[in-house]
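So, in C-alpha cells, the structure goes:
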C-alpha cells in the first residue's frame, strides 16, 4: 500500500500537491474512483477516493480516518551534531524515522566542525521514510541549535534527558550510566537524547548539562560514529518500549 | 590513531601490502622510525616501528601486541537477505562492524529478489569499518547461503538462534517473542540471527526453522527495511551485553 502525504488534509484540504499528484496520476496511474491512502504527518491516515485525477492537483473525497497510524508508545527527541559528511546525518534521519522518533534537532557545539545545516533534503528524506515505513506522523526537524540553548530548554519533569559522553564525568561531579540502566530507571515514556560532534561535547557543555538535570549516559564500549551512536540510542528507546 | 591491516602479521609477516604501504608512506607520509599500529583482523593490535618506508612494501618491527583489542563480550552471527539495493547491505555491514558483529552471511530464500551476491566491496567496507572503529577483529563475511542450509547448520547448545518473522507462527505450532524477552531468557553469550528478504521468510522456511530449534522473534511494531531490522537486532544484542 503506497501512502501519499498532505500536510493540509487535516485543515480540510482535499487535493494532493503538485509533486504527490504527479506521482499518483502519472507514475502510479491512479484514476477517478480509485482508493488512495493519505497521511497528514500528524499521525492520521486517511482513506480517500479520487474524484478528479488531475496530475497537477489530484482531488479526493475522504472516506475514513485512522488515528495514531504506525505510532509508537514513547516520545523521543534526538538532538545530534551533524558530521562533516551530511549524507551520514541524512541516513540517520531516514533510519530514526523508520524506527520511531518524534523530533530531530541538529546541534552545533564547542567542538563542532559543521556550523551550517540546510534542512530541505533531510525533510524530504524524513517524509519519504515516514511514508515508506507506514507512519502517519512525520518527525519534526528543527533548525541548527546551539548545545547550550538545547541543554537549557525545559522539557518538564515527565521527560528523561540523556547526554552521551565518552570521557569520565566524576571530576565534574556527575555520574555516567549505561543507557540500558538509564531506561530501566526512567519510569517515564518521554526522552530527549543529545549526541555530540566527533570531538564530543566540551567539559563546559557537560557541566552545564549536569546543572540542568541531564543524565550523562554511555552507549557501551564500541567506538561509534555520530550517526551510528544516534541510531543506537533510538534503537535502545525503541527496543525498551 | 590510524590503524593498518595485515592479515598475515600473525603468521610472521612484517610488511604491509601494496595498498596499506601506499596509504602509510605516500598518504600519511610515515618514515623509518615512526611507530604504526597494525591489526591482524583476528583481534590483535600490534605496535610496530617502520624499518623500511617502501611505498609498495613497508617493512616494520613488532614491538608489542594487545590481544582482544576493541572486542565485545558476545559472539554474533548475522544472516541477512541482501535487498535489491546492495548499498543498503553494504551500509549494514559497515554499521554492524562498528557496533559489534563476528560473522555475516548473506541469505537467499524462497522470496529473495536478489539471488546473486559479490562480496569484494563488502569485505573492503568491513575492513575499513573495523579499522575506523578500532577493532582488532574483522568480521568474517561468508558467501551467499540458502536459508534452508543456514537453518540446518549446527551451532551447538551454547548458541541462541533467532529468526525474525512478521506474521503469526501459532498456526505453525510456534511462538513469537520480542527480541528483548528472548535476550533476557537466553542465558548464553552466543547468538545467530536470521533476517529475511522484503517478502519475509516463507511459511516452509519458518516451519523448518522451528524444527531445528530456532526461536521466532519480533523486533517490535515498526515496519523496518531489511538493513534497519538487521542493525536493530545487532543493537539489541550489543545493548543487552
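Residue numbers (our numbering), protein chains in the order written: chain D, 1 to 241; chain U, 1001 to 1241. Here a beta-carbon is modelled for each residue, glycine too, at the ideal position from N, C-alpha and C. Nothing here was measured: the structure is a model prediction, and the numbers come from that model.
Within 8 Å, strictly: CB atoms of residue 1227(U) and residue 1117(U):
no
Output, in sequence order along the chain, the residues in the stretch 89-122 of chain D whose CB is closer than 7 Å to any CB in chain U.
95, 98, 99, 100
Compile a chain-ordered list of the residues in the stretch 124-135 of chain D whose CB is closer than 7 Å to at least one CB of chain U.
133, 134
In chain U, which residues lie less than 9 Å from residue 66(D) when you measure between Cβ atoms?
None at all; the shortest Cβ gap to chain U is about 15 Å.
Taking 8 Å as the CB-CB limit, is residue 1220(U) close to chain D?
yes
Return the first residue and the last residue of the alpha helix (DSSP H) that residue 117(D) is part of.
Secondary structure note for residue 117(D): it is in no alpha helix (DSSP H), with a DSSP letter that is neither H nor E.
Using CA coordinates, which residue listed in 1042(U), 1059(U), 1119(U) is at the minimum distance from residue 1016(U)?
1059(U)
Checking contacts by CB at 8 Å: is residue 235(D) closer than that to chain U?
Interface residue, yes.
What does residue 1003(U) reach in chain D if we use C-beta pairs closer than 8 Å?
Those within 8 Å of residue 1003(U) in chain D number zero; the least Cβ separation is about 11 Å.
Skipping 5 residues on each side, what residues in its chain have a beta carbon closer than 8 Å to that of residue 1004(U)?
Excluding its 5 nearest sequence neighbours in each direction, residue 1004(U) has C-beta neighbours in its own chain below 8 Å: 1016, 1020, 1023, 1024, 1036, 1037, 1038, 1039, 1131, listed in chain order.
Given residue 140(D), which residues of its chain have a CB within under 6 Å of its CB, disregarding the five upstream and five downstream residues?
Once the five neighbours on either side are set aside, the close Cβ partners of residue 140(D) are 103.
Given residue 105(D) as reference, the closest of 89(D), 160(D), 80(D), 219(D) once Cα atoms are compared:
80(D)
Chain D residues whose Cβ lies nearer than 7 Å to that of residue 1225(U):
98
Using the beta-carbon of each residue, which ones in chain A are nearer than 9 Å to residue 1180(U)?
Checking the listed chains, one finds no chain A in this structure; the protein chains it contains are D and U.
Taking the alpha carbon of residue 1027(U) as the reference point, which residue from 1002(U), 1126(U), 1048(U) has its own alpha carbon closest?
Nearest to residue 1027(U) by alpha-carbon distance, out of 1002(U), 1126(U), 1048(U), is 1002(U).
Under 8 Å between C-beta atoms of residue 1071(U) and residue 1041(U):
The Cβ atoms of residue 1071(U) and residue 1041(U) lie no closer than 8 Å to each other.
Between the stretch 183-217 of chain D and chain U, which residues of the former have a C-beta closer than 7 Å to a C-beta of the latter?
none
Residue 1176(U) in three-state terms, based on DSSP:
strand
Beta-carbon gap between residue 1172(U) and residue 1208(U) smaller than 8 Å
No, the pair does not count as a contact, with Cβ atoms beyond the cut-off.
Assuming residue 9(D) and residue 33(D) form a contact by the criterion Cβ under 8 Å, report the distance between their Cβ atoms to the nearest whole angstrom.
Rounded to whole angstroms, the Cβ separation of residue 9(D) and residue 33(D) is 19 Å, and the two are not in contact under 8 Å.
For residue 199(D) and residue 1225(U), I'd like the C-alpha separation in whole angstroms.
31 Å
May I have the straight-line CA-CA distance separating residue 6(D) from residue 183(D), to the nearest angstrom?
35 Å
Can you find a C-beta in chain U that's less than 8 Å from the C-beta of residue 30(D)?
no
Can you pull the chain U residues whose beta carbon is under 9 Å from the beta carbon of residue 72(D), in chain order?
1220, 1221, 1222
Under 7 Å (Cβ pairs) to chain U, residues found in the stretch 132-161 of chain D:
133, 134
By the criterion of Cβ-Cβ separation under 7 Å, what are the contact partners of residue 1228(U) in chain D?
95, 98, 99
Using a Cβ cut-off of 8 Å (strictly closer), state whether residue 1015(U) contacts chain D.
Interface with chain D (8 Å Cβ-Cβ cutoff): residue 1015(U) is excluded.
So the alpha helix (DSSP H) residue 21(D) belongs to, where does it begin and stop?
18-22
Should residue 1241(U) and residue 1073(U) be called a contact, given that it needs their Cβ atoms to be closer than 8 Å?
yes
Run down chain D in chain order and give the residues with a C-beta less than 8 Å from the C-beta of residue 1232(U).
99, 235, 238, 239
Cα-Cα, which of 1046(U), 1030(U), 1048(U) is closest to residue 1056(U)?
1030(U)
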